[in-house]
Amino acid sequence: MFEATTILAYKSEDGKAVIGGDGQVTFGNAVLKNNATKIRKLYKDKVLAGFAGSTADA
Numbered sequence: 166m167f168e169a170t171t172i173l174a175y176k177s178e179d180g181k182a183v184i185g186g187d188g189q190v191t192f193g194n195a196v197l198k199n200n201a202t203k204i205r206k207l208y209k210d211k212v213l214a215g216f217a218g219s220t221a222d223a
């Protein structure tokens, strides 16, 4: 059995960055939520962070 969350980040050579993630929260094979916010803006919208596990749905 595989257990994981999907967070993907990319930074180009010119310094631009993008980060994305799925919005699904599961428990075993059951989908508990399909619109969780796993990417959050922090520190006056200057920092992007990806969250996994129970913190993803906090």
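Using our numbering, the first residue of the sequence shown is number 166, and each one after it goes up by one. Every residue gets a Cβ at the ideal spot worked out from N, C-alpha and C, and that includes glycine. Bear in mind the structure is a predicted one, so any value in this text is a computation, not a measurement.
Quiz item: Per DSSP, what kind of secondary structure is LYS209 in: helix, strand or coil?
Solution: Translated into the one-based positions of the sequence shown, residue 209 becomes position 44. Looking at LYS209 - three-state DSSP - the assignment turns out to be coil, as it is neither helix nor strand.
Quiz item: Going straight from the alpha carbon of VAL212 to that of ILE204, what length do you get?
Solution: The residue you call residue 212 lines up with position 47 of the sequence shown. The residue you call residue 204 lines up with position 39 of the sequence shown. Between VAL212 and ILE204, the C-alpha separation is close to 10 Å.
Exercise. Give every residue of the same chain whose Cβ lies closer than 6 Å to the Cβ of VAL183, excluding the five residues on either side of it in the sequence, and list them in chain order.
Key: Walking along the sequence shown from the start, residue 183 turns up at place 18. Once the five neighbours on either side are set aside, the close Cβ partners of VAL183 are TYR175.
Practice problem: Less than 8 Å between the CB atoms is what I'm expecting for ILE172 and ALA217, so what's the real figure, rounded? | Solution: If you number the sequence shown from 1, residue 172 lands on position 7. If you number the sequence shown from 1, residue 217 lands on position 52. Contact holds; Cβ gap of about 7 Å.
Practice problem: Using alpha carbons as the reference points, say which of LEU197, GLN189, LYS198, GLY185 lies closest to LYS206. | Solution: For the purposes of this step, residue 206 is taken as the residue at position 41 of the sequence shown. When LEU197, GLN189, LYS198, GLY185 are compared, the shortest CA-CA separation from LYS206 is found for GLY185.
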